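J.: Take a look at this one; I'll ask things after.
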Amino acid sequence: MERFIKPIIALFALCALTSCKSCESNTKMLQNVSGSPGEIIVVIDGNEWESQIGEILQDNLEGEYQVLPQKEPKFNLFNINPDNFSSLFWIHRNILIINISPENRENRMIATKDVWASPQTVVKINATDHDSAVKTVEENIEKIESIFEQAERDRIIANNIRYQEANVRQVVADMTGGSPYFPMGFTIKKSDDKFIWISYETTYVSQYVFVYKYPATSVDDLGLDRILSESNAILKQNVPGPVEDSYMITAAMPVPQIKSIRYNNRDFVEVRGLWEVQNDYMGGPFVIHAFYDKTGENVIVLQAFVYAPKFDKRNYLRQVESIIYSFEWMNDKEDGRKK
């Protein structure tokens with residue numbers, strides 16, 4: 562196992578002894594990562610993989626993804642024995658290494674970026690023995706999940722920024738004062754001073770982002786009932802279904818999940834649930850981000866949808882929710898450039 566960890570140590574030493582500019586240059590020379598979105602290679606002895614350690618990893622990282630029409634795992638895990646962890650696997654996008662050895666000085670988790678490829682995330686658990694490994698994995702499992710979830714999101718956002726539809730971004734910014742980054746292929750399907758419908762459609766898959774706002778009137782502006790009420794009113798008015806008297810609504814069941822999030826120096830409320838079409842049989846998952854505008858007088862809503870009846874939806878939803886996670890205030894970005 563040690564011979565496979567040496568490249569990590571060597572890279573740490575190089576970055577410590579050289580300038581940041583040199584490290585950036587080093588990163589640029591790395592080849593692109595391999596593997597499909599949502600995959601994690603778990604480097605661990607086969608016996609340990611079948612033990613409590615493997616159970617913890619599989620129960621959590623392969624647990625059910627939040628609010629989809631059918632069960633899908635958060636990640637797809639692939640176990641690789643340390644002896645088989647060759648250069649073929651070094652360039653994978655997500656790598657989790659469980660290193661159990663009495664030679665380890667302490668039990669801890671280490672997360673690094675771009676070790677053998679870019680953009681890559683490598684998480685390593687060092688433990689002196691089996692019991693210590695179990696405890697360290699248990700203590701850090703939520704953090705491990707968050708790190709890999711963020712890594713998947715960061716890759717999508719970086720790609721969206723690199724290949725953005727700047728005209729779509731500007732239309733959203735004109736209405737709200739800020740905007741997410743929309744990748745190539747997303748177009749404006751409908752736009753007025755209160756509602757914007759941005760879409761990417763193929764033969765079998767549709768991904769939508771709706772942008773709208775409503776007046777802030779009370780302490781319940783960002784409560785679940787208010788958000789869903791405003792959403793259903795907007796959807797009924799602006800998103801008709803395929804047959805007469807049909808229109809998109811948020812489904813009552815399962816009950817939508819809501820939580821407060823702080824991300825990239827912004828505070829917002831996230832709502833996850835399912836949508837459906839009243840008087841028809843269409844449906845799929847959605848994610849809402851709701852937050853106050855710069856004046857505090859309105860609530861801005863970014864609502865991401867997926868319609869993919871023939872396919873699993875996890876990766877499609879990750880793609881479109883990463884768009885709304887990339888929202889930035891335009892003035893903030895301009896101020897950052899001046900500094």
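Residues in the sequence shown are numbered consecutively from 562, following my numbering.
Glycine included, each C-beta is placed from N, C-alpha and C at the ideal position.
These numbers come from a predicted model, not from an experiment.
(1) List the endpoints of the continuous alpha helix (DSSP H) containing Trp610.
(2) Considering only the beta carbon of each residue, do Leu835 and Pro817 sit closer than 9 angstroms?
(3) Relative to the C-alpha of Ile661, which candidate in Asp828, Tyr886 and Val698 has its C-alpha closest?
(4) Under the rule that 16 or more other beta-carbon atoms within 10 Å means buried, what is Asn826, buried or exposed?
(5) Between the stretch 625 to 632 and the stretch 704 to 711, do three or more beta carbon pairs fall short of 8 angstroms?
(6) Looking at Ile686: is its Cβ nearer than 9 angstroms to the Cβ of Arg666?
(7) Let me confirm a value: Ile822 is counted as buried when at least 16 other C-beta atoms fall within 10 Å, else exposed. Which label applies?
(8) Looking at the unbroken alpha helix (DSSP H) that takes in Phe872, where does it start and where does it end?
(9) Where DSSP assigns a beta bridge to Trp890, which residues make up the other side?
(10) For the beta strand (DSSP E) containing Glu837, name the first residue and the last one.
(11) With DSSP as the reference, identify every bridge partner of Gln725, one or two as the case may be.
(12) Can you name the start and end residues of the alpha helix (DSSP H) that Phe650 belongs to?
(13) Just to confirm my understanding: we take Gln731, look at its own chain, exclude 5 residues before and 5 after, and list those with CB closer than 7 angstroms. What are they?
(14) In or out: Ile810 buried (at least 16 other Cβ within 10 Å) or exposed?
(15) For the 8 angstroms Cβ check, are there 3 or more pairs between the stretch 765 to 774 and the stretch 861 to 881?
(16) Where Ile901 and Ser779 are concerned, what is the direct C-alpha to C-alpha distance, given to the nearest angstrom?
(17) Should Asn728 be labelled buried (16 or more other beta-carbon atoms within 10 Å of its own) or exposed?
T.: Taking the structure as given:
(1) Start at 1 with the first residue of the sequence shown, and residue 610 comes out as number 49. Segment Gly607 to Trp610, the alpha helix (DSSP H) holding Trp610.
(2) As a first step, residue 835 is located in the sequence shown; it is residue number 274 there, counting from the start. As a first step, residue 817 is located in the sequence shown; it is residue number 256 there, counting from the start. Going by C-beta atoms, Leu835 is nearer than 9 angstroms to Pro817.
(3) As a first step, residue 661 is located in the sequence shown; it is residue number 100 there, counting from the start. If we check each option's Cα against that of Ile661, Val698 comes out closest.
(4) The residue you call residue 826 lines up with position 265 of the sequence shown. An exposed status is given to Asn826, since fewer than 16 other beta-carbon atoms sit within 10 Å of its beta-carbon.
(5) Between the stretch 625 to 632 and the stretch 704 to 711 there are fewer than three C-beta pairs closer than 8 angstroms, too few to call the two in contact.
(6) Residue numbering aside, residue 686 sits at position 125 when the sequence shown is read from its first letter. Residue numbering aside, residue 666 sits at position 105 when the sequence shown is read from its first letter. No, the pair does not count as a contact, with Cβ atoms beyond the cut-off.
(7) Position 261 of the sequence shown, counting from 1, holds the residue named residue 822. With fewer than 16 Cβ atoms within 10 Å of its Cβ, Ile822 is classed as exposed.
(8) In the sequence shown, counting from the first residue as 1, residue 872 sits at position 311. Unbroken run through Phe872: none, as it is neither H nor E.
(9) Residue 890 sits at position 329 when you count from the first residue of the sequence shown. Its beta-bridge partners are Gly739.
(10) Sequence index remark: in the sequence shown, residue 837 carries index 276 (1-based). In the DSSP annotation of this structure, the continuous segment of the beta strand (DSSP E) that includes Glu837 starts and ends at Arg827 to Gln839.
(11) Looking up residue 725 in the sequence shown gives position 164. Answer is Pro744, bridged to Gln725.
(12) For the purposes of this step, residue 650 is taken as the residue at position 89 of the sequence shown. Here the alpha helix (DSSP H) through Phe650 covers Ser648 to Trp651.
(13) Residue numbering aside, residue 731 sits at position 170 when the sequence shown is read from its first letter. The beta carbon of Gln731 lies closer than 7 angstroms to none in the same chain, with the five residues before and after it left out.
(14) As a first step, residue 810 must be located in the sequence shown, where it is residue number 249. Buried: at least 16 other Cβ atoms inside 10 Å.
(15) The stretch 765 to 774, when compared against the stretch 861 to 881, does touch it at the 8 angstroms Cβ threshold.
(16) Given a span of 562 to 900 for the chain in the structure shown, any question on residue 901 remains unanswerable.
(17) One-based indexing of the sequence shown puts residue 728 at position 167. The C-beta of Asn728 has fewer than 16 other C-beta atoms within 10 Å across all chains shown, which makes the residue exposed.
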